[in-house]
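Only one structure is covered here, and it is reproduced in the block below.
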Amino acid sequence: MEPRSPHLKEDHTLRTLFADLADSPASDWDTPSEKVWVNVASELAENRPFLQALRWRYIAPFLLLLALTRSCHPVVRDSAVPGEFVPFIPAETTTTAQVYPSAPGSNKPAIAVRADQVLPSKVLQETTLVKELSITFIDKLDYLSSTALLPLHSKIVPTIQPANLSPIISIKQPLKPYWSIGASGALRFPQVLKSGASISPKQSWSIGLEAGYGKADGIRFTTGLEWSVQQWTSVAPVALTYREDQSYTDERGRLVRNYQQALSSGFGTANLDMLLANTRQNDGSDIQVGETMSFRVRTTTTLNYLSLPAGLEKSWKAGPLDISLRLGAVAHANISDRLEIDRVESLRARIQAVRMDLRPGTRETARFYFDAYAGLGISHRFSEKHSLFLRGEYRHNLSPVSRGFYIAAPAIQLGYTRRL
Amino acid sequence: MGFVHQSENPQICRLLENELLHGCLKGDPRAQKALYDEYKTPLFRMCLRYSKDKMESEDFLQEGFIRIFSDLPHFRAQGPLGAWLYRVMLNSILQQVRKKERKLAVLPLDPSPYLYPDHAADPFLGLDAQTVTGMIQQLPAGYRVVFNLFVIEGFSHQEIAELLRISESTSKSQLFKARAALRKLARVYYPELAEGGKI
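Chains as they are written, first to last, in the numbering used here: chain W, 161 to 580; chain G, 753 to 951.
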């Protein structure tokens, strides 16, 4: 039924026009160019389903970490079941502080701390491993100074008094693993390792939250969540052929024309729209149609990442300080990005760039990439639970952050840890 | 809403729609390309209507297809695939337009507003899709989007206001100005109609 209102009539005409549109092989006005599919396919290849995209080289660092974690637990082979391994998980750990009036091999009185760990075994029912934690010689048996008790945790020997001193003090308490949380910030100084373009990374930073699971022997597994901002600049030459068709004179008397050109940048290839003005000075150096105009375009790429670090830390006590060594890997996911033009330098004085727009082209920056890291740190324990740390860290791309280059970044990291 | 698209592509005939979907979900590049080939033309026509030129339409199409492939696991086969693709593409286009235009500009039109004579003939009757698309592309972005959503897609002003985060009265005003601008453009394309007093 034909609509009566003129507007409705018009709308009906247009809706019908587009709804009943047949293919028009004679004209390509409604056919997208091939580059659309090329760009879509390239994007899809980068974002294959998660498991498919995780290649061995990406998984390898985590498998390595897993292997390292397992190697920290001695494995007891159970001969009754060939091939089966029983992980070393202590069923009970007791710590004994033993006072020797005269320590073996020495005439001095001494206090020794040892750990007895009982582990289950199908064959032996139970196995006891004894680990000597420390032995401290003391000057006088009838006086236990706080220095002498330093190796003992306050929880292990909470109420020891000189008056109650007996030849043997044995206190049994399980050594429990512990959890920790923390926060940190890092300043990074990235360097490009392989580059096909003139990329200059800027100083970057990150902040993060950390969670850890520690064992009594100074090994701690750490993970967390980081947010980081990376920036790099790149300079690319752009050469355009001067043309006067489709140009017009603006209000300032300049001959203006729009040019389009692909621009290579740290982010990838972008499409650059430039509105260029010929100032048309009468100095005899007028540019001729067909001549090349050269520009240098400097762009800044800003990338925000959410990252998941996972690593192992081994620490050694040195008085109130802990010295730690960390190894691990970080998975980065790009959450936002921006490409901006900083500066356009025209190599012909009479040609000026009036306006520039960037449109997305082919992305070369990885949406996901992985780093390996190693760090050496020192932390100061303010109390039993709280400590501050300063750490030097070195990160290296395991997978390239961009198609063209890898980045390595030394960093300084400052943070706080709380033992739960 | 939606479109009907009959394919003559033998590759598509072999791959039934379900197989096509299944292949795309598995990340099979052949299935992805087949889906793209099947729907690129109607979706590109829509992109053309929302853009200022072919280059911008290709950007819309590219981003739209990337979104389609990423959202495909969420497709529930409760309706036709074409309608779902159409909706995803439209959302993607609107998102890109919003990003580009920040605020859909309400531009002043000719100081002497064109008054629509009730007796006027339909100025678009007899024009082909390419010509009308070209005319729509010449509209300012704000007019173009509202015009497309209201006239072609059939959204109400209330729905457009929600989609574009503008007021209903802005939507109505944009549509009014878009209609006026289009009639003027039709007069440029077809001066013989204007001379005949039809416009």
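Every residue gets a Cβ at the ideal spot worked out from N, C-alpha and C, and that includes glycine.
Annotated three-state conformation of THR460 of chain W is strand, per DSSP. If you look at THR393 of chain W, you'll find it in the beta strand (DSSP E) that goes 379-401. Using a CB distance cut-off of 7 Å, GLU524 of chain W does not count as an interface residue toward chain G. Annotation for GLU815 of chain G: SER844, GLN848 place their beta carbon closer than 7 Å to its own, counting only its chain and skipping 5 residues before and after. Spanning the alpha carbons of GLN830 of chain G and ARG519 of chain W requires a straight line of approximately 36 Å.
By the criterion of at least three beta-carbon pairs nearer than 8 Å, the segment 891-900 of chain G is not in contact with the segment 187-196 of chain W. For GLU790 of chain G, the uninterrupted alpha helix (DSSP H) run begins and ends at 781-802, by DSSP. For ALA881 of chain G, the neighbours in chain W by C-beta distance under 7 Å run, in chain order, LEU177, PHE178, LEU181. GLU505 of chain W and GLU808 of chain G have their alpha carbons spaced roughly 26 Å apart. One thing to note: TYR788 of chain G has its Cβ within 7 Å of the Cβ of TRP197 of chain W. DSSP places GLN847 of chain G within a helical segment (H, G or I) once states are collapsed to three. A residue is called buried when at least 16 other Cβ atoms come within 10 angstroms of its Cβ; ALA478 of chain W does not meet this threshold and is exposed.
Contact note: GLU810 of chain G reaches chain W through PRO192, SER193, VAL196, using a C-beta cutoff of 7 Å and chain order. Between LEU181 of chain W and PHE876 of chain G, the C-beta gap is not smaller than 7 Å, which leaves the two residues out of contact.
Residue-level contact by beta carbon fails for ASN464 of chain W and chain G, as no gap is shorter than 7 Å. Boundaries of the alpha helix (DSSP H) around LEU916 of chain G: 909-916. DSSP places LEU879 of chain G in no alpha helix (DSSP H); its state is neither H nor E.
ARG819 of chain G: member of the alpha helix (DSSP H) spanning 806-823, first to last residue.
In the three-state reduction of the DSSP assignment, PHE549 of chain W falls in the strand class. Within 8 Å of the CB of PRO781 of chain G, the CB atoms of chain W belong to ALA201, LEU204, ALA205, in sequence order along the chain. Between ASP410 of chain W and chain G, the shortest Cβ-Cβ separation is not below 7 Å. For LEU877 of chain G, the residues of chain W that pass the 8 Å Cβ criterion are THR173, in the order they occur in the chain. Here TRP476 of chain W has GLY378, ASP482, ILE483, SER484 as same chain residues with Cβ atoms under 8 Å from its own Cβ, once five neighbours each way along the sequence are excluded. For ARG896 of chain G, the uninterrupted alpha helix (DSSP H) segment begins and ends at 893-899. With three or more CB-CB distances shorter than 8 Å, the segment 360-371 of chain W counts as touching the segment 380-395 of chain W.
For the segment 788-804 of chain G, the beta-carbon criterion of a distance under 7 Å to any beta-carbon of chain W is satisfied by TYR788, LYS792, THR793, PHE796, ARG797, LEU800. When secondary structure is reduced to three states using DSSP, GLN830 of chain G falls in the coil class, being assigned neither helix nor strand. According to DSSP, LEU487 of chain W shares a beta bridge with W:LEU472, W:ALA534. Within the model, the alpha-carbon separation for ASP433 of chain W versus THR452 of chain W is close to 17 Å. When DSSP states are grouped into helix, strand and coil, GLN926 of chain G belongs to the helix group. Exposed is the label assigned to TYR373 of chain W, since fewer than 16 other Cβ atoms lie within 10 Å of its Cβ. Leaving aside the five residues that flank LEU548 of chain W on each side, the residues in its chain whose CB is nearer than 6 Å to its CB run, in chain order, HIS540, TYR576. Secondary structure of ALA933 of chain G (DSSP, three-state): helix.
One thing to note: TRP365 of chain W has its Cβ within 7 Å of the Cβ of LEU347 of chain W. Taking PHE528 of chain W as the centre and dropping the five residues before and after it, the same chain places the C-beta of ALA493 closer than 6 Å to its C-beta, in chain order.
Non-local C-beta neighbours of ILE912 of chain G in its own chain, meaning closer than 7 Å and more than five positions away in sequence, comprise VAL898, LEU901, PHE902, SER923, ordered along the chain.
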